[in-house]
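Quick note: to get my numbering, add 272 to the position in the sequence shown (first position is 1).
Read the structure below first, then the notes.
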Amino acid sequence: MEGPALELPVTAAPAPLLSLALLLAACSPGAEDSAAADPCAGDGATADCLSPTQDPAYYAEMSDFYFDTMDKRVELTEWPPYSERVARWEWPPWLKLTAYTRENIEATDILLRLYPSIVEERDCRAFDQQPFGRCRVVFYYDDHNGLGCPIYEEFTFNDAGEITWIEAWSDLPGLLPMDDAADPWAEGPGVTRLSTRIPGLGRSDGFIDPAGPEMQAAAATDADVADFAARALDWSATWAAEADAAGDDLWARGCGW
273 MEGPALELPV
283 TAAPAPLLSL
293 ALLLAACSPG
303 AEDSAAADPC
313 AGDGATADCL
323 SPTQDPAYYA
333 EMSDFYFDTM
343 DKRVELTEWP
353 PYSERVARWE
363 WPPWLKLTAY
373 TRENIEATDI
383 LLRLYPSIVE
393 ERDCRAFDQQ
403 PFGRCRVVFY
413 YDDHNGLGCP
423 IYEEFTFNDA
433 GEITWIEAWS
443 DLPGLLPMDD
453 AADPWAEGPG
463 VTRLSTRIPG
473 LGRSDGFIDP
483 AGPEMQAAAA
493 TDADVADFAA
503 RALDWSATWA
513 AEADAAGDDL
523 WARGCGW
């Protein structure tokens with residue numbers, strides 16, 4: 273950017289001073305450069321910007337609590353600590369965005385009780401990097417002859433200890449986000465989770481804005497983020513379309529039957 277013209281004698285150009293001025297200008301970023309230098313500073317912050325604010329036991333217990341909503345043996349008297357803009361993303365062969373916002377998560381929790389199940393073999397653990405809660409569980413549905421359906425699920429939390437993002441995979445080879453044998457809890461590099469790529473989950477409140485500029489910028493370079501943002505604008509219609517396209521063998525593929 274050009275500054276005001278300086279009237280200097282052509283025979284006395286202060287080269288060292290000019291070089292210093294240019295160097296200082298280059299090292300003095302504006303507001304946009306500062307945000308770019310610190311991706312955790314603005315509304316586009318991702319979940320890995322946050323650190324735990326609760327005891328480890330809290331994250332494991334609240335993650336386990338989530339499965340009570342789908343276990344017919346449990347009489348619910350309260351809901352897990354969902355945030356206002358919580359989202360649930362289930363990777364194929366499941367149906368991607370299956371609920372968005374606290375109201376809809378709670379409504380679909382009730383809906384899922386129409387498919388009676390028990391959730392056995394729960395192993396929920398806390399981690400000091402997002403997602404702070406991670407579980408390996410097995411569902412047993414009344415109408416599937418006692419066959420178990422293994423699921424790996426992760427839970428992202430905000431600073432208030434609310435669940436902001438739920439992400440699930442079939443716990444089967446080739447469908448997990450990591451090399452199961454080498455990294456059973458997805459702690460190593462190369463994990464393909466979406467939670468750490470969604471803008472807003474790294475805010476202290478974990479607030480997601482699907483139509484916001486930060487989401488649109490991320491969507492321009494990440495097809496999975498773009499898919500989420502589009503579905504979040506009408507999650508129930510896209511969920512229904514995904515269910516229609518899934519085919520009759522959805523359970524067999526997702527559960528390994």
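All C-beta atoms in this analysis are idealised placements derived from N, C-alpha and C, irrespective of residue type, glycine included.
With distances taken between CA atoms, Q401 lies nearest to T468 out of H416, T510, L448, T468. Cβ-Cβ separation between A359 and L367: approximately 13 Å, too far for a contact (criterion under 8 Å). Around the CB of S442, 16 or more other CB atoms lie within 10 Å, so the residue is classed as buried. The C-beta of I377 has 16 or more other C-beta atoms within 10 Å across all chains shown, which makes the residue buried.
M342 and D381 do touch by the CB rule: their CB atoms are close to 7 Å apart, below 8 Å. Scanning its chain for C-beta atoms nearer than 6 Å, with the 5 sequence neighbours on each side dropped, one finds around L447 the residues W441, in chain order. In the assembly as shown, D506 is an exposed residue. Its beta-carbon has fewer than 16 other beta-carbons within 10 Å.
Apart from sequence neighbours up to five positions away, the residues of its chain that approach Q488 with a beta-carbon distance below 8 Å are A501, ordered along the chain. The C-beta separation of G474 from D481 comes to about 13 Å, leaving the pair out of contact by the 8 Å criterion.
Sequence-distant Cβ neighbours of M450 in its own chain, meaning closer than 6 Å and more than five residues away, are A458, V463.
In this chain, the alpha helix (DSSP H) harbouring Y331 covers 328-340.
For F500, the secondary structure class from DSSP, reduced to helix, strand or coil, is helix.
With a beta-carbon spacing of about 16 Å, F399 and Y338 fall beyond the 8 Å limit used to define contacts.
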